[in-house]
Amino acid sequence: MEPARGEESSTRADPSLAVRTTEIEDLSVRGFFDVAQAESGDADLVDASATPWVVWRTPEGDFLAAIGASASCVADGAGRFASIREEGSELFAALESDLETSHTARPRLFGGFSFLSDTHDGPWAGVPDARFVLPEVQFASTEEGNWLTVIGDPQGIETRLDDWHDRVAAVPDPASRTAPSIEHAERTTSRARWHEQVETALSRIGSRLRKVVLAQSLSVTLDDTVSMPGTLSRLAGSYPECFCFSFPPGEGKRDFFGATPERLVSVCEENVTTGALAGSIERGATDAEDDRLARALADSEKNDREHALVAEAIADQLDSIAQSVTIGEREVRKLATVQHLYTPIEAELAGDEHVLSLVEALHPTPAVGGLPPDVASETIHEIEAFDRGWYAAPVGWFDAAGDGSFAVAIRSAVADGKQATLFAGNGIVAGSDPSEEWEEVQLKYRPILDALGL
Numbered sequence: 000m001e002p003a004r005g006e007e008s009s010t011r012a013d014p015s016l017a018v019r020t021t022e023i024e025d026l027s028v029r030g031f032f033d034v035a036q037a038e039s040g041d042a043d044l045v046d047a048s049a050t051p052w053v054v055w056r057t058p059e060g061d062f063l064a065a066i067g068a069s070a071s072c073v074a075d076g077a078g079r080f081a082s083i084r085e086e087g088s089e090l091f092a093a094l095e096s097d098l099e100t101s102h103t104a105r106p107r108l109f110g111g112f113s114f115l116s117d118t119h120d121g122p123w124a125g126v127p128d129a130r131f132v133l134p135e136v137q138f139a140s141t142e143e144g145n146w147l148t149v150i151g152d153p154q155g156i157e158t159r160l161d162d163w164h165d166r167v168a169a170v171p172d173p174a175s176r177t178a179p180s181i182e183h184a185e186r187t188t189s190r191a192r193w194h195e196q197v198e199t200a201l202s203r204i205g206s207r208l209r210k211v212v213l214a215q216s217l218s219v220t221l222d223d224t225v226s227m228p229g230t231l232s233r234l235a236g237s238y239p240e241c242f243c244f245s246f247p248p249g250e251g252k253r254d255f256f257g258a259t260p261e262r263l264v265s266v267c268e269e270n271v272t273t274g275a276l277a278g279s280i281e282r283g284a285t286d287a288e289d290d291r292l293a294r295a296l297a298d299s300e301k302n303d304r305e306h307a308l309v310a311e312a313i314a315d316q317l318d319s320i321a322q323s324v325t326i327g328e329r330e331v332r333k334l335a336t337v338q339h340l341y342t343p344i345e346a347e348l349a350g351d352e353h354v355l356s357l358v359e360a361l362h363p364t365p366a367v368g369g370l371p372p373d374v375a376s377e378t379i380h381e382i383e384a385f386d387r388g389w390y391a392a393p394v395g396w397f398d399a400a401g402d403g404s405f406a407v408a409i410r411s412a413v414a415d416g417k418q419a420t421l422f423a424g425n426g427i428v429a430g431s432d433p434s435e436e437w438e439e440v441q442l443k444y445r446p447i448l449d450a451l452g453l
């Protein structure tokens with residue numbers, strides 16, 4: 000069923016779905032998907048006709064992986080956040096579930112949203128503005144333990160759970176696979192065009208616009224298809240301090256994946272966790288150079304101004320929703336290829352609040368959009384040479400209680416067979432230099448290029 004465009008949504012689910020779960024031994028990303036690939040021809044285990052794969056690994060070490068789709072929700076238009084929340088609530092209410100054993104084992108809806116509504120060109124052709132899947136099989140590993148959850152037809156579900164448990168318990172060490180190589184690469188934005196775009200943005204800052212984030216994309220043709228399990232294993236190994244993710248943005252074999260350092264928001268009961276990540280500089284070749292660059296970042300007037308705009312905007316948004324907001328101490332967060340200014344922010348809600356309500360309130364943060372948000376979005380739509388699609392938008396999961404976790408999908412790419420499109424961007428404020436901004440953006444391609452083995 001092709002989702003309709005406009006202010007519409009649709010849910011596809013069986014009239015009756017049951018949930019069963021069991022505790023298991025630890026399992027890796029590669030191990031889980033090696034089992035799924037080996038058994039994808041067995042219709043009693045998983046419907047492999049579309050086989051959407053989901054991976055979600057947090058900086059705290061929580062790991063979620065899923066395959067198949069027992070149900071899916073799609074939505075388009077500006078009302079996509081509310082539509083997914085409503086459809087998801089109806090779907091969870093219809094599940095036959097008795098999960099008193101563990102919060103970790105709860106079934107989740109996994110997916111994401113587009114940055115702007117109605118952007119469907121290029122690699123995003125046919126992709127809705129929002130899509131979430133309720134998987135057939137879900138593996139979750141947290142401090143509470145490791146749990147295998149199966150969702151599907153009540154008839155035979157106990158047998159399916161036992162079959163999956165047996166196969167997961169017997170999984171061998173995952174086999175390695177040679178990474179692909181690039182046959183062709185094409186930028187949507189040349190260096191000269193980038194300079195023009197930044198200068199145009201700078202000419203508008205100081206009147207209606209205070210900050211805008213401009214992005215680029217890099218399209219590559221590979222000599223082989225992207226191995227998502229291997230790619231995600233490399234991302235998780237190289238960027239443990241990031242959210243490593245893979246979601247199916249639409250029907251078919253496309254994968255949207257990345258390693259983002261930016262949490263949008265996490266909600267657990269009344270507790271809210273978020274943060275401001277803005278302002279960046281490269282890593283140094285030696286410890287001394289690295290420390291010097293970190294001090295330069297912390298002392299930079301331009302980066303200080305950019306970071307303060309983001310932190311203040313997030314805190315202001317939370318003030319209108321939360322009972323209390325706590326802003327932590329600013330720090331320099333060091334990733335493998337880049338350093339960022341980061342300020343942790345926490346809040347306490349007065350009562351029940353669905354995570355998607357906070358997602359809608361916070362997106363887009365000034366770290367990926369700009370200020371004021373509406374003026375920045377207009378500028379992005381006018382200046383950028385491509386559709387962002389799901390890039391820099393919220394991706395994550397939510398459960399029946401309205402708890403959930405979402406990250407901002409930067410340092411990301413969409414892959415379809417042998418084609419991949421990478422995305423990266425940088426914040427433009429008064430004092431930004433086009434050449435320096437260009438070099439910083441190139442650093443932000445590195446996580447995906449390294450993970451692809453390029």
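Following numbering that gives the first Met the number 0, the numbering of the sequence shown begins with 0 at its first residue and continues without gaps. C-beta: ideal position from N, C-alpha, C; glycine also. In this text the structure is predicted, and so the values were computed from the model without any measurement.
| query | Going by DSSP, which residues form a beta bridge with residue 215? | reply | In the sequence shown, residue 215 corresponds to position 216, counting from 1. Residue 215 pairs with 423.
| field | Coarse secondary structure for residue 341, derived from DSSP in three states | value | Reading the sequence shown from its first residue, position 342 is the one you call residue 341. The answer is strand: DSSP assigns residue 341 an E or B state.
| task | Kindly give me the distance between the Cβ atoms of residue 109 and residue 132, rounded to whole angstroms, as I take these residues to be in contact under 8 Å. | result | Against the sequence shown, residue 109 aligns to sequence position 110. Against the sequence shown, residue 132 aligns to sequence position 133. That pair is a contact at about 6 Å.
| query | Among all the DSSP beta bridges, which residues are the ones paired with residue 137? | reply | Here residue 137 is taken as the residue at index 138 of the sequence shown, counted from 1. DSSP, once it has assigned bridges, lists 65, 148 as partnering residue 137.
| Between which two residues does the beta strand (DSSP E) harbouring residue 276 extend? | The residue given as residue 276 occupies position 277 in the sequence shown. 270-281 is the span of the beta strand (DSSP E), which, as asked, contains residue 276.
| According to DSSP, is residue 9 helix, strand or coil? | Working through the sequence shown from its first residue, we reach residue 9 at position 10. Interpretation of residue 9 is limited by its pLDDT of 46, a score under 50 that renders its predicted location unreliable; the figure taken from the coordinates is listed afterwards. Strand, per DSSP.
| Would DSSP call residue 408 helix, strand or coil? | By one-based count along the sequence shown, residue 408 stands at place 409. Note: residue 408 maps to coil in three-state DSSP.
| Which word fits residue 270, buried or exposed, when buried means at least 16 other C-beta atoms lie within 10 angstroms of its C-beta? | Here residue 270 refers to the residue found at position 271 when the sequence shown is read from its first residue. Flag for residue 270 reads exposed.
| query | Taking the continuous alpha helix (DSSP H) assigned at residue 113, which residues delimit it? | reply | What you label residue 113 is simply residue 114 of the sequence shown in a count that begins at 1. It is not in any alpha helix (DSSP H) - residue 113 carries neither H nor E in the DSSP assignment.
| What are the boundary residues of the beta strand (DSSP E) that residue 21 is part of? | Translated into the one-based positions of the sequence shown, residue 21 becomes position 22. Residues 16-22.
| task | Could you please give me the residues that DSSP links to residue 415 through a beta bridge? | result | Residue mapping note: residue 415 aligns to position 416 of the sequence shown, counting from 1. Note: residue 415 sits in a beta bridge opposite 418.
| said: Could you tell me the alpha carbon to alpha carbon distance between residue 327 and residue 343, rounded to whole angstroms? | reply: In the sequence shown, the residue the question calls residue 327 occupies position 328. In the sequence shown, the residue the question calls residue 343 occupies position 344. Going by the C-alpha atoms only, they are around 5 Å apart.
| query | If you draw a straight line from the C-alpha of residue 252 to the C-alpha of residue 397, how long is it? | reply | Position 253 of the sequence shown, counted from the start, is the residue given in the question as residue 252. Position 398 of the sequence shown, counted from the start, is the residue given in the question as residue 397. One C-alpha to the other measures close to 23 Å.
| task | Assign residue 288 to one of three DSSP states: helix, strand, or coil. | result | One-based indexing of the sequence shown puts residue 288 at position 289. In the three-state reduction of the DSSP assignment, residue 288 falls in the helix class.
| field | When 373, 298, 337 are compared against residue 283, the one with the closest alpha-carbon | value | Within the sequence shown, residue 283 is the residue found at index 284, counting from 1. Residue 283 has its Cα closest to that of 337, out of 373, 298, 337.
| Quick one: what's got a C-beta closer than 6 Å to residue 196's C-beta in the same chain, skipping five residues either side? | By 1-based counting over the sequence shown, the position of residue 196 is 197. Correct list, in chain order: 213, 382.
| query | How close, in whole Å, do the beta carbons of residue 219 and residue 419 come, if the pair is a contact with beta carbons under 8 Å? | reply | For the purposes of this step, residue 219 is taken as residue 220 along the sequence shown, with counting starting at 1. For the purposes of this step, residue 419 is taken as residue 420 along the sequence shown, with counting starting at 1. At roughly 5 Å, the Cβ-Cβ gap stays under 8 Å, so residue 219 and residue 419 are in contact.
| query | Exposed or buried, what is residue 153 when buried is set at 16 or more other beta-carbons lying within 10 Å of its beta-carbon? | reply | For the purposes of this step, residue 153 is taken as the residue at position 154 of the sequence shown. The residue is exposed, with fewer than 16 neighbouring Cβ atoms inside 10 Å.
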